[in-house]
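Residue numbers (this note's numbering): -11 to 382. The C-beta atom is built at its ideal place from N, Cα and C for all residues, glycine as well. Below is one structure, written out as structure tokens; comments come after it.
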Ligand SMILES: Cc1cc2nc3c(=O)[nH]c(=O)nc-3n(C[C@H](O)[C@H](O)[C@H](O)COP(=O)(O)OP(=O)(O)OC[C@H]3O[C@@H](n4cnc5c(N)ncnc54)[C@H](O)[C@@H]3O)c2cc1C
């Protein structure tokens, strides 16, 4: 005999727990099923263990989607201030790191604890280690779930099963398959907020520089991010690269400005005048990490004193510093990606409630939907906001 609820939520991640809390507070009988051995695993590992739980500057422009207007309504109705109020109510200390990014002072565990305490207060049941075996729509319109922990029915079914990133943490393509089972289109998925890989001479030139970090401006397909870049064994990472990776696809041009805050040509000309005997690599080391500057010079031309560079040569070097010629060969993929781009097509969902336009009572929230935020707390804000939007009606 199936146990009956008002709302079934698949996935005890950020979006699923927020939805469950919101629906539970309305006295809906809510069950959350989670196949992993604990809830909120991605929250736990997020923000280097301190969970960058929101961004105070969250705006629709910080999200990628085939339908850029879709996220507006939910984001406007559950704001960073709403989530911060909950964090403060639970006495969790937090601080702004940079650019509106809020992190826990202590641990991401506090955010998971807060969500579970809220679930308990709202009478929500969370079933852990519970694999979903079958999902069906009843003739009467409700939903029936067969799981490893028994069968459950409810009038509303909320899919909050996340994307494909970090499969070792419980990520699965489950939500996409379920969407397709109910006739929904799923837009092609790919890894986002992910390190880029290099090959051939591009990689060889960076040999031995792994661990070197510098501020750059990374641009691709009209998006630009000014932040740190980190050289890795396989290619490039760091916030600026992770951000731009969401806009990059194989074959796309990538532009890296290695001296975004400087007019390199004017700087080089001035240095030639002030220190004619100083070598180029010494001059560049003042503005770039020393080993990096040295390697750049080796790749370009024999290192020589500044006085021996003529105008066109200085102009050429400056141009390369502002537009470093680099071609990415790929990304590190879902294994290390923070998010999955693409997903359930929003054109068949209500932007006010996240409900399917095809199947009444069916909802898709969080990362499984084709809405992906920038790095910096935006993805959690989308999870809270979309979870809340569904939770007030489901
Ligand atoms: C390393 C890392 C660090 C991150 N740091 C940040 C950060 O600091 N700030 C930020 O904003 N974003 C961050 N993100 C992104 C953020 O974690 C996600 O965008 C967010 O967790 C998405 O929430 P969600 O609830 O949609 O999915 P998830 O949090 O992934 O939750 C989905 C849940 O569904 C469960 N599930 C999947 N399939 C099934 C099934 N068949 N049956 C039952 N349960 C199932 C999963 O086990 C999981 O618990 C980070 C991501 C990673 C990987």
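In DSSP terms, what residue i is bridged to
{"i": "residue 106", "result": "In DSSP, residue 106 forms no bridge with anything."}
{"i": "residue 217", "result": "202"}
{"i": "residue 39", "result": "Bridge partners of residue 39: none, in fact."}
{"i": "residue 293", "result": "267"}
{"i": "residue 343", "result": "351"}
{"i": "residue 314", "result": "242"}
{"i": "residue 331", "result": "175"}
{"i": "residue 360", "result": "52"}
{"i": "residue 390", "result": "Residue coverage of the chain in this structure runs from -11 to 382, which leaves residue 390 outside it and unanswerable."}
{"i": "residue 133", "result": "123 and 140"}
{"i": "residue 225", "result": "218"}
{"i": "residue 460", "result": "Past the edges of the chain, shown from -11 to 382, lies residue 460, and the structure says nothing about it."}
{"i": "residue -2", "result": "21 and 147"}
{"i": "residue 116", "result": "22"}
{"i": "residue -8", "result": "141"}
{"i": "residue 438", "result": "Because the chain in this structure spans residues -11 to 382, residue 438 falls outside the shown range and cannot be described."}
{"i": "residue 185", "result": "223 and 318"}
{"i": "residue 337", "result": "344"}
Supposed close pair residue i, residue j - CB separation, criterion 8 angstroms
{"i": "residue 269", "j": "residue 298", "result": "18 angstroms between Cβ atoms; not a contact."}
{"i": "residue 118", "j": "residue 21", "result": "4 angstroms"}
{"i": "residue -1", "j": "residue 150", "result": "6 angstroms"}
{"i": "residue 197", "j": "residue 217", "result": "The Cβ separation is near 11 angstroms, so there is no contact."}
{"i": "residue 285", "j": "residue 243", "result": "Between residue 243 and residue 285 the Cβ distance is about 21 angstroms, and since that is not below 8 angstroms, they are no contact."}
{"i": "residue 12", "j": "residue 111", "result": "5 angstroms"}
{"i": "residue 359", "j": "residue 51", "result": "5 angstroms"}
{"i": "residue 87", "j": "residue 373", "result": "Rounded, the Cβ-Cβ distance is 19 angstroms, inconsistent with contact."}
{"i": "residue 68", "j": "residue 60", "result": "Not confirmed; about 15 angstroms, so no contact."}
{"i": "residue -4", "j": "residue 145", "result": "5 angstroms"}
{"i": "residue 253", "j": "residue 287", "result": "Not a contact, Cβ separation roughly 19 angstroms."}
{"i": "residue 1", "j": "residue 321", "result": "About 20 angstroms; that fails the 8 angstroms criterion."}
{"i": "residue 134", "j": "residue 115", "result": "Rounded, the Cβ-Cβ distance is 13 angstroms, inconsistent with contact."}
{"i": "residue 279", "j": "residue 200", "result": "6 angstroms"}
{"i": "residue 238", "j": "residue 318", "result": "7 angstroms"}
{"i": "residue 148", "j": "residue 382", "result": "Actually they do not touch by this definition, with Cβ atoms about 11 angstroms apart."}
Assigned exposure category for residue i - 16 Cβ within 10 Å defines buried
{"i": "residue 108", "result": "exposed"}
{"i": "residue 294", "result": "buried"}
{"i": "residue 29", "result": "buried"}
{"i": "residue 126", "result": "exposed"}
{"i": "residue 157", "result": "exposed"}
{"i": "residue 375", "result": "buried"}
{"i": "residue 361", "result": "buried"}
{"i": "residue 281", "result": "buried"}
{"i": "residue 172", "result": "buried"}
{"i": "residue 258", "result": "exposed"}
{"i": "residue 23", "result": "buried"}
{"i": "residue 19", "result": "buried"}
{"i": "residue 240", "result": "exposed"}
{"i": "residue -11", "result": "exposed"}
{"i": "residue 187", "result": "exposed"}
{"i": "residue 184", "result": "buried"}
{"i": "residue 296", "result": "exposed"}
{"i": "residue 245", "result": "buried"}
{"i": "residue 316", "result": "buried"}
{"i": "residue 89", "result": "buried"}
{"i": "residue 136", "result": "exposed"}
{"i": "residue 167", "result": "buried"}
{"i": "residue 350", "result": "buried"}
{"i": "residue 169", "result": "exposed"}
{"i": "residue 249", "result": "exposed"}
{"i": "residue 27", "result": "buried"}
{"i": "residue 79", "result": "exposed"}
{"i": "residue 73", "result": "exposed"}
{"i": "residue 215", "result": "buried"}
{"i": "residue 35", "result": "buried"}
{"i": "residue 262", "result": "exposed"}
{"i": "residue 340", "result": "exposed"}
Task: Contact the stretch 90 to 99 vs the stretch 6 to 13: 3+ CB pairs below 8 angstroms - done: no
Task: Any 3 or more C-beta pairs closer than 8 angstroms across the stretch 174 to 190 and the stretch 223 to 237 - done: yes
- [ ] Tell me, please, whether the stretch 187 to 200 touches the stretch 160 to 168 by the rule of three or more beta-carbon pairs shorter than 8 angstroms.
- [x] no
Task: Touching by the beta-carbon criterion (3+ pairs, under 8 angstroms), the stretch 135 to 148 and the stretch 315 to 331 - done: no
TODO: Say whether the stretch 365 to 372 touches the stretch 40 to 48, bearing in mind that this needs 3 or more beta-carbon pairs closer than 8 angstroms, one atom from each stretch.
DONE: yes
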